[in-house]
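K.L.:
One gets the numbering used here by counting positions in the sequence shown from 1 and adding 73 to each.
Glycine is no exception: its CB is placed at the ideal position from the N, C-alpha and C atoms.
On a predicted model such as this, the values are computed, not experimentally measured, just so you know.
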Amino acid sequence: MSYHLEQVTSKHSRIYRQVENYYIYCEQIRGMSPTTMISKVYTINQFIAVTRITDLRKLSNRQIYDWINYQFSRGNTGRTINDRLAHLRAMLHWQQNMNVVMPHLQLGLITKAKEVPPRQVCFSRQEIQSVLATADIQEWLLIKLAFDCGLRISELCKLQLNHLHDDGRISILGKGSKRRYAYLSPEVQYKLQVWIADHCINKYLWPSPIYPDQPLATCTIRQKMRDAFSRAGFKDFRPHDLRHSYATDLKKIGIPTRKIQAGLGHASEATTERYLSDLIGWDLYELYQQKYNYSSVSEC
Numbered sequence: 074m075s076y077h078l079e080q081v082t083s084k085h086s087r088i089y090r091q092v093e094n095y096y097i098y099c100e101q102i103r104g105m106s107p108t109t110m111i112s113k114v115y116t117i118n119q120f121i122a123v124t125r126i127t128d129l130r131k132l133s134n135r136q137i138y139d140w141i142n143y144q145f146s147r148g149n150t151g152r153t154i155n156d157r158l159a160h161l162r163a164m165l166h167w168q169q170n171m172n173v174v175m176p177h178l179q180l181g182l183i184t185k186a187k188e189v190p191p192r193q194v195c196f197s198r199q200e201i202q203s204v205l206a207t208a209d210i211q212e213w214l215l216i217k218l219a220f221d222c223g224l225r226i227s228e229l230c231k232l233q234l235n236h237l238h239d240d241g242r243i244s245i246l247g248k249g250s251k252r253r254y255a256y257l258s259p260e261v262q263y264k265l266q267v268w269i270a271d272h273c274i275n276k277y278l279w280p281s282p283i284y285p286d287q288p289l290a291t292c293t294i295r296q297k298m299r300d301a302f303s304r305a306g307f308k309d310f311r312p313h314d315l316r317h318s319y320a321t322d323l324k325k326i327g328i329p330t331r332k333i334q335a336g337l338g339h340a341s342e343a344t345t346e347r348y349l350s351d352l353i354g355w356d357l358y359e360l361y362q363q364k365y366n367y368s369s370v371s372e373c
């Protein structure tokens, strides 16, 4: 893959060679996945652009603190910042192992950003309909799939054409590589087919314009969804809110908590496996039938 380092620093700078060697190690020797590499390249390239550093030997803790503050100023959560900090730490540890001396850097003093407890904001079906009314087709599909299927944004990002089944199911690869299924409403199925045909989709449902064989970056998908909610007057939207909305919506129509957890792929892996084991076939199908039947009645 292309690392686009020339967009953030000169090819003649020392940091270009330092970081390029690390990317090659991660991709070709460690065999890291394309999704991991995209996240890693985005984070480290942004760090170089923000700090304007040209040689890692001159890096100091102050520059890392400034970069962390920049992340907060962009509205990123503590969890997102810590995920990006992990990419940066891994790169710097590797550089030290490669005998790059950074006398002004003390990685042990770089602490994690404070993570606030997950919030539980949910939107009603009517509020989501008001958002969908002004959304373009991609925004519509992202929001509708997240709400109808209780998807994490990482799961939404990784959806592929071969995850769609002829019987209306969609397979979802969740945390711990655990697979679960959801059922799509006829409306979503129709709009997905339109999207796929109009954009010649052959792998990921939301292909990156830079890397056509890879998905859009998570931050891009998040921003597209935020834009749609912002136009409808909701200024504090986060994609995970739709996961809470999914669960709340099902609870309101009387779906047992046990089945909601199966639909979410929630809790620990062992718990999720136990919930899914007796919800294959018609049990899980009926969960979505009940959801969509309720939808058609409530909207009349």
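Which stretch, first to last residue, makes up the alpha helix (DSSP H) that contains residue 53?
P.N.:
This structure gives no information on residue 53, because the portion of the chain shown stretches from 74 to 373.
K.L.:
Residue 111 and residue 284 look like a contact to me (Cβ under 8 Å); what is the Cβ gap, rounded to whole Å?
P.N.:
That belief holds up - the Cβ atoms of residue 111 and residue 284 are roughly 7 Å apart, short of 8 Å.
K.L.:
Could you give the distance in angstroms between the alpha-carbon of residue 235 and the alpha-carbon of residue 276?
P.N.:
For residue 235 and residue 276, the distance between alpha carbons rounds to 7 Å.
K.L.:
Which class does residue 246 belong to by DSSP, given the choice of helix, strand or coil?
P.N.:
Correct three-state label for residue 246: strand.
K.L.:
Measuring alpha carbon to alpha carbon, tell me which residue in 362, 297, 268, 292 is nearest residue 157.
P.N.:
Closest option to residue 157, Cα to Cα, is 292.
K.L.:
Does residue 209 pass the burial test, meaning 16 or more other C-beta atoms within 10 Å, or should it be called exposed?
P.N.:
It is exposed - the Cβ of residue 209 has fewer than 16 other Cβ atoms within 10 Å.
K.L.:
State the beta-bridge partners of residue 252 as determined by DSSP.
P.N.:
Bridge partners of residue 252: 246.
K.L.:
CA-CA distance, residue 223 and residue 175?
P.N.:
Using only the alpha carbons, I get a separation of about 45 Å.
K.L.:
DSSP three-state call for residue 237: helix, strand or coil?
P.N.:
Correct three-state label for residue 237: strand.
K.L.:
Could you name the residues of the same chain whose beta carbon sits closer than 7 Å to that of residue 152, not counting the 5 residues immediately before and after it, in chain order?
P.N.:
Once the five neighbours on either side are set aside, the close Cβ partners of residue 152 are 188.
K.L.:
Between which two residues does the alpha helix (DSSP H) harbouring residue 133 extend?
P.N.:
Run containing residue 133: none; DSSP gives neither H nor E here.
K.L.:
Mind reading off the beta-carbon distance from residue 126 to residue 136? Whole number of angstroms is fine, and I expect it under 8 Å.
P.N.:
Right, the Cβ-Cβ distance comes to about 6 Å (below 8 Å), so this counts as a contact.
K.L.:
Should residue 21 be labelled buried (16 or more other beta-carbon atoms within 10 Å of its own) or exposed?
P.N.:
Residue 21 is absent from the model: the chain starts at 74 and stops at 373.
K.L.:
What's the C-alpha gap between residue 211 and residue 177?
P.N.:
If you take the alpha carbons of residue 211 and residue 177, they lie about 46 Å apart.
K.L.:
Using the Cα positions of residue 92 and residue 101, report the straight-line distance between them to the nearest angstrom.
P.N.:
Roughly 14 Å separates the two Cα atoms.
K.L.:
Below 7 Å CB to CB, which residues in the same chain sit around residue 182 once its five sequence neighbours on both sides are set aside?
P.N.:
The residues are 134.
K.L.:
Assuming residue 130 contacts residue 173 (C-beta within less than 8 Å), just tell me the rounded distance between them.
P.N.:
The pair is a contact, with the Cβ atoms about 6 Å apart (cut-off 8 Å).
K.L.:
Using 7 Å as the threshold, is the C-beta distance between residue 242 and residue 256 below it?
P.N.:
Yes; because the gap between Cβ atoms is below 7 Å, this pair is in contact.
K.L.:
Rounded to whole angstroms, what is the Cα-Cα separation between residue 328 and residue 259?
P.N.:
So the two alpha carbons sit approximately 21 Å from each other.
K.L.:
What residue range does the alpha helix (DSSP H) around residue 275 cover?
P.N.:
Run containing residue 275: none; DSSP gives neither H nor E here.
K.L.:
Taking the alpha carbon of residue 220 as the reference point, which residue from 309, 304, 132, 313 has its own alpha carbon closest?
P.N.:
Among 309, 304, 132, 313, the Cα nearest to that of residue 220 is on 313.
K.L.:
Identify, in the order they occur along the chain, each residue of the same chain with its Cβ nearer than 6 Å to the Cβ of residue 323, setting aside the five sequence neighbours on each side.
P.N.:
Correct list, in chain order: 333.
K.L.:
Give the single residue among 266, 171, 85, 79 whose Cα lies nearest to the Cα of residue 98.
P.N.:
When only C-alpha atoms are compared, the closest one is 171.
K.L.:
Can the beta-carbon of residue 82 be found closer than 7 Å to that of residue 76?
P.N.:
No, the pair does not count as a contact, with Cβ atoms beyond the cut-off.
K.L.:
Curious, which full-length alpha helix (DSSP H) runs of at least 4 residues does the segment 285–318 contain?
P.N.:
Segments of the alpha helix (DSSP H) lying fully in the segment 285–318: 291–304.
K.L.:
Assuming residue 195 contacts residue 330 (C-beta within less than 8 Å), just tell me the rounded distance between them.
P.N.:
The pair is not a contact, with the Cβ atoms about 15 Å apart (cut-off 8 Å).
K.L.:
Write down the C-beta distance between residue 207 and residue 305 rounded to the nearest angstrom, noting that I regard them as a contact closer than 8 Å.
P.N.:
Yes, residue 207 and residue 305 are in contact; Cβ-Cβ is about 6 Å, under 8 Å.
K.L.:
Work out the CA separation of residue 297 and residue 203 for me, nearest whole Å.
P.N.:
Distance between the alpha carbons of residue 203 and residue 297: 16 Å.
K.L.:
So what does DSSP say about residue 156, is it helix, strand or coil?
P.N.:
Residue state, collapsed to three classes: helix.
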